[in-house]
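A.B. asks:
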Amino acid sequence: MPLRPSVVVLAGALICATGGLLVGQAGDDVLAQGLAAQAGQALEKTDAAQVKADFGLSDGDMPTRHAILSGGENLDEATRAMAARKVAAIRGVGGVYWIDGSLQAKGDEPALAPTHCQDEVEALLRARTIRFEESSASIEAASSELIDEVAAALRPCLGSIIAVTGHTDSSGPEPGNLALSLERARAVREALIARGIPRDGLRARGFGSSKPVEGLAPTDPANRRIEFSVISTVPLTPTPVDTPG
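Here this note's numbering is used: the first residue of the sequence shown is 7, the next is one more, and so on.
1. Should the segment 180–188 be regarded as contacting the segment 145–158, the criterion being three or more beta carbon pairs within less than 8 angstroms?
2. Count Cβ pairs between the segment 71–83 and the segment 129–142 that sit closer than 8 angstroms; are there 3 or more?
3. Would you kindly check if the distance between the Cβ of Val236 and the Cβ of Ser166 is under 8 angstroms?
4. Kindly indicate which three-state DSSP category Ile199 falls into: helix, strand or coil?
5. Apart from the five residues just before and just after Ser177, which ones in its own chain have a Cβ nearer than 7 angstroms to its Cβ?
6. Output needed for Gln31: all residues of its chain with C-beta closer than 6 angstroms, excluding positions within five of it in sequence on either side, in chain order.
7. Output the boundary residues of the beta strand (DSSP E) element that contains Val170.
8. Roughly how many whole angstroms lie between the Cα atoms of Thr70 and Arg209?
9. Looking at the structure shown, is Glu233 part of a helix, part of a strand, or coil, going by DSSP?
10. Run the CB neighbour count on Arg137, radius 10 Å, all protein chains shown included, and call it buried at 16 or more, exposed below.
11. What do you get for Ser215, buried or exposed, if any count of 16 or more other CB atoms within 10 angstroms of its CB means buried?
Take a look at the structure:
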């Protein structure tokens, strides 16, 4: 039976929409890869050559124009500041942050200290825990209300880079623990995005059982947790590549 014109039009629209999404994702990847390459070239000519700039291309995160710098733990503050400025000077970079949150650069905008939202989230998680299905990254339905509250507490920090970090206890092989902790962090990140927290400001990380809660044995199930930390906060202002025209 021949397809009706309306069905053909709908199918064509779906193909175009899917193609547009794929092209958009590919374009984002190319942009982030280009920024990462330029950052590497800028840093290798300095005393901060060991510093790495991540534009969301590691661990399966979404590509972003905001760089997270790592590898500068042994550098003095002047060299770290210089490294951040070098990367921030690259056209198209939206912001530069150290992974420990100790320094940031964003064009001529002043740095802002992290706000109280991290403390509010930590207070929520002291009494309750985001729970997952057994040996799975599927969030239990009973945790939906808690994630609603976490999202509400994080909204005052929109414009921040917020780390969502998964941890496990030491039961089972560590490669599996690392994978599960990262998958759970990503699941929480996606749940927050569904509640209106911008993807660009969230980083999912998994540490397996390597960072147990202070005072607990590594095998204690209480080490299975999700933590939130505000790495850095910047003003919500457009950069040149965000501005139409």
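Every residue gets a Cβ at the ideal spot worked out from N, C-alpha and C, and that includes glycine.
C.D. replies: This is what the structure gives:
1. no
2. no
3. Mapped onto the sequence shown, residue 166 falls at position 160. Mapped onto the sequence shown, residue 236 falls at position 230. Their beta carbons are under 8 angstroms apart, which means Ser166 touches Val236 by this criterion.
4. Taking the sequence shown and counting its residues from 1, the one referred to as residue 199 is at position 193. DSSP places Ile199 in helix when its eight states are reduced to three.
5. On the sequence shown, position 171 is the one that residue 177 refers to. Counting only Cβ-Cβ distances below 7 angstroms, and skipping sequence neighbours, we find Thr225.
6. Stepping through the sequence shown from its first residue, residue 31 is reached at position 25. At Gln31, the pLDDT of 46 sits below 50, so the modelled position is not reliable; the number obtained from the coordinates is stated separately. No residues qualify anywhere along the chain.
7. Counting from 1 along the sequence shown, the entry for residue 170 is found at position 164. Segment 166–173, the beta strand (DSSP E) holding Val170.
8. Mapped onto the sequence shown, residue 70 falls at position 64. Mapped onto the sequence shown, residue 209 falls at position 203. If I take the Cα positions, the gap works out to 11 angstroms.
9. Translated into positions along the sequence shown, residue 233 becomes position 227. Strand, per DSSP.
10. Within the sequence shown, numbered from 1, the residue matching residue 137 stands at position 131. Exposed, because fewer than 16 other Cβ atoms sit within 10 Å of the Cβ of Arg137.
11. For the purposes of this step, residue 215 is taken as residue 209 along the sequence shown, with counting starting at 1. Buried, because 16 or more other Cβ atoms sit within 10 Å of the Cβ of Ser215.
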